[in-house]
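Working notes, structure below.
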Amino acid sequence: MNISEAVALVEAFQQAAPRSVRVLSACGTVRRLVKGEHLFFDKEPVEMVYIVISGLVTLYTVDAQGEKKVIFILDKGKLINEVVLQGIPASINCEAFEEAQILCFDRQDFLRVMEQDFSLTKSVLASLAMKVRRLYRQMKNTPNSVRGDKRIAAKLWKLSRDYGVPGQGGTTINIDVSITYLAEMLGSRRETVSRQLKILVSQGLIRINDGQITIVDRDKLSEYFKLP
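Sequence positions in the sequence shown follow our numbering and run 206 to 433.
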C-alpha cells in the first residue's frame, strides 16, 4: 500500500480539501507493528500523529496496582492520538492488538495542513469528540454503578456491533477477545469475568466455542444490560 492509498482510507480526511490530501500524501510514512508491539507509552514524548490503516490497536492505562485497563480498540481509518497536537507527552499507552499498519505524520506538518483547512480541523475535532463521548459512557459503567454481568453484556454488545459477523446462530465477534483481554477492558479480574460470562451463557445470551464469543440475540442482550 502506498501513502496515497493509505491517506484515502482515513475517515478524518474524507472532507479535507484536495490540496490538503496531496500535501499529506507527500509527507506521510507507514509503519508496521507486530501483535503486542507498542507504538508509544504513557508519559513518553510523541511528535507524530498516528492513524490506523489496517489491523487493530488498543489504548490502555495501568493503575497503581499494575492492572491494565483497555480504554479503546481502534480499527482502520481511526486517528489514534489527536491529543498529541497539544504538544505534551502521551497520557496513555498504545499497543498493537494484532498486526497493524500505521500512517504517521510529523505533528508540526500536520498542524500546518490543519491551519489551512478548516474542514480537516473539524474532522479531527469530531474524532476527538467521539472519544470523549465514549469515555462519558464508560464512566457511567464503572464497577460501583453497574452489576458486573451487565457491564460485560454491554461490552460484548458493542464489540458485536463493531466487529460482529452475523450467522445462523447469532453474531460472532470476529476478533481475538480472550477472557483476560475482556478483564483488561473492564478493569476487572480474570476470575470474576469468567464467572460473569458463565451467567450470560446460562441465560442463553451468548455462546463460547473455541475461544470465540457469539451473541445469540443482540436485542435480548441489549435488553439484559439495560434492565434496572
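All residues carry an ideal CB built from backbone N, CA and C; glycine is no exception.
| Item | Value |
| --- | --- |
| Cβ-based neighbour list, methionine 253, same chain, cut-off 6 Å, excluding 5 preceding and 5 following | Cys309 |
| Residue span of the beta strand (DSSP E) that contains glutamate 300, given as start and end | 298 to 301 |
| Beta-bridge pairing of phenylalanine 245 - partner residues as DSSP gives them | Cys299 |
| C-alpha distance - phenylalanine 218 paired with arginine 423, whole-angstrom precision | 32 Å |
| Three-pair Cβ contact test at 8 Å for the segment 208 to 216 versus the segment 310 to 327 | no |
| Contact set for valine 251: own chain, Cβ-Cβ below 6 Å, skip 5 residues either direction | Phe245, Val289 and Ala295 |
| Same chain, Cβ closer than 8 Å to glycine 392, five either side skipped, listed in chain order | Asp268, Glu272, Lys274 and Pro348 |
| Range of the contiguous beta strand (DSSP E) that encloses glutamine 417 | 417 to 420 |
| Check: serine 427 C-beta below 6 Å from any heavy atom of the ligand NAP | Among the components of this structure there are no ligands whatsoever, and the ligand NAP is therefore not found. |
| Alanine 305 and glycine 260 closer than 7 Å at C-beta | yes |
| Per-residue burial, asparagine 298 [other beta carbons within 10 Å of its own, 16 or more giving buried] | buried |
| Residues near glycine 375 by beta carbon distance below 6 Å, same chain, minus five either side | Thr419, Ile420 and Val421 |
| Cβ shell of glutamine 343 (< 8 Å), same chain only, five flanking positions each side left out | Ile276 |
| Of the listed residues Pro371, Thr266 and Ala331, nearest to glutamate 300 (C-alpha basis) | Thr266 |
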